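**Q** Chains as they are written, first to last, in the working numbering: chain S, 1 to 314; chain F, 1001 to 1314; chain R, 2001 to 2314.
In this text, a Cβ means the ideal position worked out from N, Cα and C, and glycines have one as well.
Bear in mind the structure is a predicted one, so any value in this text is a computation, not a measurement.
So this is what it looks like as structure tokens:
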């Protein structure tokens, strides 16, 4: 069927590929967008997801791809998973610290290895306490959603619980100043849930993010306990602090503080370093750039609508 | 390269892993977030997706990973797929009914097996009629989108058609009261399309959800035929009916009814058990918590904007 | 455990599967939603993603699943990837042109083969120039986001950069009138980023889409250089031009033109064939259906809110 195509392409391909390769080699010369660190390469997404998968297996045993055991024999598979996880984390975190170290020329290999080890141990030690916090997240979803039929349904299917669990893991690593990997984890959560929470934000226990599509929570947001957030909520920046040269200051505090027990309904936007007082309720589609005291209820005024009944002219 | 790291970690690892394992074992003691039902475990996502993939292959033959046949020989591969699907469904649905049965202590194994069989047969029998409905969905997308060039393009790439097809499958299973699996299916659709339709909502034929990102359709919504919905539309709850103890009543009717021929433009929010009359048009960003009669056109009033032309002061 | 179930199902299955198969075969008769072109089948998503993966590997060498090389040896793997890519593209693009050709009966096999070859060569030749444009996208993300710590972090994790890179690739193929494949690529990007950019829209260099969830950019939008777009922005159609029979005209110009240096904040909606003049700033949640001159700043008026402090009655 492709004989005419085959005739057309004889003898020309090799030269064409050669030219393409030469052009690309020139384009690679500046090193931008290239991963080629002569041995110590950047973390790959598959490696990060392998680590994340093992941590999730330890948090929710039996819900991943491993065959679940009885509680009695669980500890054998836990020890095995934890040991493999420890080795993988040491290796990958080392490369990640090395990358940053070469970029800033501020440390040596032994420091990077020590940082990797410290971070891997911190992560492993954090899993049991994280579980206690996450149990409260799952319970908050059950109590807050009339459609939720069981805790198992929530663990198996709720994207809000998935996104928050991954962010909690990433936040532990972010606090240890591990480069690149925390953000790769939360962007993976963003991809599978459309919930975008920066690993920098500390989040209190018992949070429930329902539906969640379009939620954005910025790097320097601070969220208390028992907070409810619905789809399309943005906790964002209003403006970016700049240095004397007009360059944006990296990491400056610019996102909201949400105190305990606050509910934020779908589509609300809260911008800037403002504080939403405890137990406040922010209504759907509210646009807010100022602080509000505890216990405030705020909602959009009844919107002006243009209604045309059948038979009426425009 | 890692000799210094290796020196640091000698002899300490085993004890560390042991301690981590002990802490986790204690945390697992309450059974929350654990899948360990001594033999009859919860459905795994991979198993649910294998079933969903086979149903999709029967609905859209040749569009999945199977090599397509001619229409003449199609029936052989169909029989093979249907038989494998039947076996998989029986096995997985049984475990799902068993899980719920143990939770509520209301049934025995034979009942669970009979329920699994009934549900599997119902699902298989529903595929041909579902195809007739879904053809109208595909046609509605073609008629409604100026960017659509062919029916094949729609089947191959439109997320709205994918999300609705999966929801229609899940709704068949939801109606049979199959636990867990319908929601796992729609949350899979939510993940790949950012369209979140609860499996409980009945949807008429010829629906077109364009772009779709951020669409949320609640459990007790009811949607008629030939409805058009754009990105960011919420058909949600306004408040949750509670029982005498202040607990949310699970499953109570709380979402909108959308009658035949209604169009709902991007970002509109309709909340509560209200009715949008047939052939009404709800404009972009409208916020609506009341019923409207058939044939109504409703849009936001021209928004008040603050405009600063170049050279003007703030 | 399943003995009672097994008893129930003896002897009935074969007949049931036969009936299901017969019903489905009847439903397939009209050919809708079926891929069965007796040899020359439609492109499969896995094939499209294999091609897309190779192009991405050439754009960002070492960031995909291939083991990265040093810059010195990179050109060997580049030549290998480019050659394999060329072969795959020729084969798949041929089937895609053939499909369209049979649909419209306007061309012959040799023309399809020539079109496939021309398109494959165009794509390969475009990769080096695309890299120069994409470097500016990555730099724009770094300059525009206070949370961005390095260019590598952006390449590894930012969904906006991923969605735009894939759209730029798809746009090259769209311009060559390759059927189906460009849209499959951008819908893949839509799936993993919740950013929906039609392959038809030309986009200038140095674009930054931050967070990105819910962004919709229509087929006939035109976007200049150094544009910033935040989550939830729609560049959509206001109405669809129709022909004399009331049928929507496919592909008619109906989306906005965004000139150089424009910033569009989260949730803004711009509809219709309007022009946003250079360096304008469109505030969050603005709803705009008219053109604005260069340098305009437009934002929603301070919204009317209903605020209830603690202790106040409703």
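If you reduce the DSSP assignment to three classes, tell me which class residue 2151 of chain R lands in.
**A** Your numbering for residue 2151 of chain R matches position 151 in the third chain. Helix at residue 2151 of chain R.
**Q** Along the region 2189-2206 of chain R, where does the CB come closer than 7 Å to a CB of chain F? Name the residues.
**A** Going along the region 2189-2206 of chain R in chain order, one finds 2190, 2191, 2194, 2196 and 2198 with a Cβ nearer than 7 Å to chain F.
**Q** Counting only beta-carbon atoms, is residue 273 of chain S nearer than 8 Å to chain F?
**A** Working through the first chain from its first residue, we reach residue 273 of chain S at position 273. Chain F contact via Cβ: absent.
**Q** Straight-line CA distance for residue 1205 of chain F to residue 2024 of chain R?
**A** Taking the first residue of the second chain as 1, we reach residue 1205 of chain F at position 205. Taking the first residue of the third chain as 1, we reach residue 2024 of chain R at position 24. Looking at the two C-alpha atoms, the distance is approximately 19 Å.
**Q** What are the residues that DSSP puts in a beta bridge with residue 196 of chain S?
**A** Within the first chain, the letter at position 196 stands for residue 196 of chain S. Residue 196 of chain S is bridged to S:216.
**Q** Fully enclosed by the region 2261-2298 of chain R, which beta strand (DSSP E) runs are 3 residues long or longer?
**A** Fully enclosed beta strand (DSSP E) runs of 3 or longer: 2269-2271.
**Q** Are there 16 or more other CB atoms within 10 angstroms of the CB of residue 247 of chain S, so buried, or fewer, so exposed?
**A** Within the first chain, numbered from 1, the residue matching residue 247 of chain S stands at position 247. Under this definition residue 247 of chain S is an exposed residue.
**Q** At 7 Å on the CB atoms, spell out the chain S contacts of residue 2075 of chain R, in chain order.
**A** The residue labelled residue 2075 of chain R in the question sits at position 75 within the third chain. Result: 21 and 25.
**Q** Could you tell me which uninterrupted alpha helix (DSSP H) segments, each at least 4 residues in length, are contained entirely in the region 1131-1191 of chain F, listed from first to last along the chain?
**A** For the region 1131-1191 of chain F, whole alpha helix (DSSP H) runs of length 4 or above, ordered along the chain, are 1151-1157 and 1159-1175.
**Q** Going by CA-CA distance only, name the one from S:93, S:207, S:89 and S:26 that's closest to residue 2132 of chain R.
**A** Numbered from its first residue, the third chain carries residue 2132 of chain R at position 132. Considering only alpha carbons, the answer is S:26.
**Q** For residue 100 of chain S, would you say it is in contact with chain F, using Cβ-to-Cβ distances shorter than 8 Å as the test?
**A** By 1-based counting over the first chain, the position of residue 100 of chain S is 100. No, its Cβ sits nowhere closer than 8 Å to a Cβ of chain F.
**Q** Grab the span of the alpha helix (DSSP H) containing residue 2053 of chain R for me, first residue to last.
**A** For the purposes of this step, residue 2053 of chain R is identified with residue 53 of the third chain, where counting begins at 1. That run of the alpha helix (DSSP H) goes 2045-2059.
**Q** Less than 7 Å between C-beta atoms, sequence neighbours within five positions excluded: which residues of the same chain meet that for residue 1322 of chain F?
**A** This structure gives no information on residue 1322 of chain F, because the portion of chain F shown stretches from 1001 to 1314.
**Q** Are the region 1251-1260 of chain F and the region 1219-1229 of chain F touching by the rule of at least three beta carbon pairs closer than 8 Å?
**A** Enough Cβ pairs lie closer than 8 Å, so yes.
**Q** Listed from N- to C-terminal order along the chain, which residues in the region 150-162 of chain S have their beta-carbon within a distance smaller than 8 Å of any beta-carbon of chain R?
**A** Per Cβ criterion, the list is empty.
**Q** How many Å lie between residue 2232 of chain R and residue 271 of chain S at the Cα?
**A** In the third chain, residue 2232 of chain R corresponds to position 232, counting from 1. In the first chain, residue 271 of chain S corresponds to position 271, counting from 1. If you take the alpha carbons of residue 2232 of chain R and residue 271 of chain S, they lie about 15 Å apart.
**Q** Check whether chain R comes within 8 Å of residue 168 of chain S, counting only Cβ atoms and requiring the distance to be less than that.
**A** Sequence index remark: in the first chain, residue 168 of chain S carries index 168 (1-based). Answer no: the Cβ-Cβ gap between residue 168 of chain S and chain R never drops below 8 Å.
**Q** Distance, Cα to Cα, residue 1237 of chain F vs residue 2054 of chain R?
**A** Translated into positions along the second chain, residue 1237 of chain F becomes position 237. Translated into positions along the third chain, residue 2054 of chain R becomes position 54. Straight-line Cα distance between these residues: approximately 46 Å.
**Q** For residue 2249 of chain R and residue 2178 of chain R, what's the separation of their Cα atoms in angstroms?
**A** Against the third chain, residue 2249 of chain R aligns to sequence position 249. Against the third chain, residue 2178 of chain R aligns to sequence position 178. The straight-line gap from Cα to Cα measures roughly 20 Å.
**Q** Report yes if the CB atom of residue 2265 of chain R is closer than 8 Å to the CB atom of residue 33 of chain S, and no otherwise.
**A** Residue numbering aside, residue 2265 of chain R sits at position 265 when the third chain is read from its first letter. Residue numbering aside, residue 33 of chain S sits at position 33 when the first chain is read from its first letter. No, the Cβ-Cβ distance between residue 2265 of chain R and residue 33 of chain S is not below 8 Å.
**Q** Pairs of beta-carbons, one from the region 2107-2123 of chain R and one from the region 2136-2147 of chain R, closer than 8 Å: are there three or more?
**A** Short answer: they don't touch.
**Q** Of the choices F:1099, F:1146, F:1050 and F:1058, whose alpha-carbon is the least far from that of residue 1128 of chain F?
**A** In the second chain, the residue the question calls residue 1128 of chain F occupies position 128. Of the candidates F:1099, F:1146, F:1050 and F:1058, the one whose C-alpha sits nearest the C-alpha of residue 1128 of chain F is F:1058.
**Q** Check for me: the beta strand (DSSP E) holding residue 2210 of chain R runs from which residue to which?
**A** In the third chain, the residue the question calls residue 2210 of chain R occupies position 210. 2208-2210 is the extent of the beta strand (DSSP E) around residue 2210 of chain R.
**Q** Which residues in chain F sit within 8 Å of residue 2036 of chain R, going by Cβ to Cβ distance?
**A** As a first step, residue 2036 of chain R is located in the third chain; it is residue number 36 there, counting from the start. Residues of chain F passing the Cβ test: 1061, 1062, 1068, 1069, 1070, 1071 and 1074.
**Q** Residue 236 of chain S bridges to which residues according to DSSP?
**A** Position 236 of the first chain, counted from the first residue, corresponds to residue 236 of chain S. In the DSSP output, where bridge partners are listed per residue, residue 236 of chain S has S:271.
**Q** Where do the ends of the beta strand (DSSP E) carrying residue 308 of chain S lie?
**A** Taking the first residue of the first chain as position 1, residue 308 of chain S is located at position 308. Residues 305-308.
**Q** Does the contact criterion of 3 or more C-beta pairs under 8 Å hold for the region 278-295 of chain S versus the region 2299-2314 of chain R?
**A** The answer is yes - the region 2299-2314 of chain R touches the region 278-295 of chain S, with three or more Cβ pairs under 8 Å.
**Q** How many angstroms separate the CA atom of residue 2123 of chain R from the CA atom of residue 2081 of chain R?
**A** Numbered from its first residue, the third chain carries residue 2123 of chain R at position 123. Numbered from its first residue, the third chain carries residue 2081 of chain R at position 81. So the two alpha carbons sit approximately 14 Å from each other.
**Q** Going by beta carbon distance, what residues of the same chain come within less than 7 Å of residue 2094 of chain R, once the five residues before and after it are set aside?
**A** For the purposes of this step, residue 2094 of chain R is taken as the residue at position 94 of the third chain. Here the set comprises 2112, 2113 and 2116.
**Q** Kindly list, in the order they appear in chain R, the residues whose Cβ is closer than 9 Å to that of residue 240 of chain S.
**A** Mapped onto the first chain, residue 240 of chain S falls at position 240. The answer, in chain order, is 2144, 2145 and 2146.
**Q** Tell me the rounded alpha-carbon separation between residue 277 of chain S and residue 291 of chain S.
**A** The residue labelled residue 277 of chain S in the question sits at position 277 within the first chain. The residue labelled residue 291 of chain S in the question sits at position 291 within the first chain. If you take the alpha carbons of residue 277 of chain S and residue 291 of chain S, they lie about 8 Å apart.
**Q** Residue 1293 of chain F to residue 1170 of chain F, Cα distance in whole Å?
**A** By 1-based counting over the second chain, the position of residue 1293 of chain F is 293. By 1-based counting over the second chain, the position of residue 1170 of chain F is 170. Each residue's alpha carbon lies about 31 Å from the other.
**Q** So, under 8 Å CB-CB, residue 1153 of chain F and residue 157 of chain S are touching, yes? Tell me the CB distance rounded to an integer number of Å.
**A** For the purposes of this step, residue 1153 of chain F is taken as residue 153 along the second chain, with counting starting at 1. For the purposes of this step, residue 157 of chain S is taken as residue 157 along the first chain, with counting starting at 1. Not confirmed; about 30 Å, so no contact.
**Q** How about residue 202 of chain S and residue 235 of chain S: are their beta carbons less than 8 Å apart?
**A** Mapped onto the first chain, residue 202 of chain S falls at position 202. Mapped onto the first chain, residue 235 of chain S falls at position 235. Not a contact, by the Cβ cut-off of 8 Å.
**Q** For residue 2242 of chain R, which three-state DSSP category applies?
**A** Translated into the one-based positions of the third chain, residue 2242 of chain R becomes position 242. Note: residue 2242 of chain R maps to strand in three-state DSSP.
**Q** Is residue 1128 of chain F close to chain R, meaning its C-beta is less than 8 Å from at least one C-beta of that chain?
**A** As a first step, residue 1128 of chain F must be located in the second chain, where it is residue number 128. It does: the Cβ of residue 1128 of chain F has a partner Cβ on chain R nearer than 8 Å.
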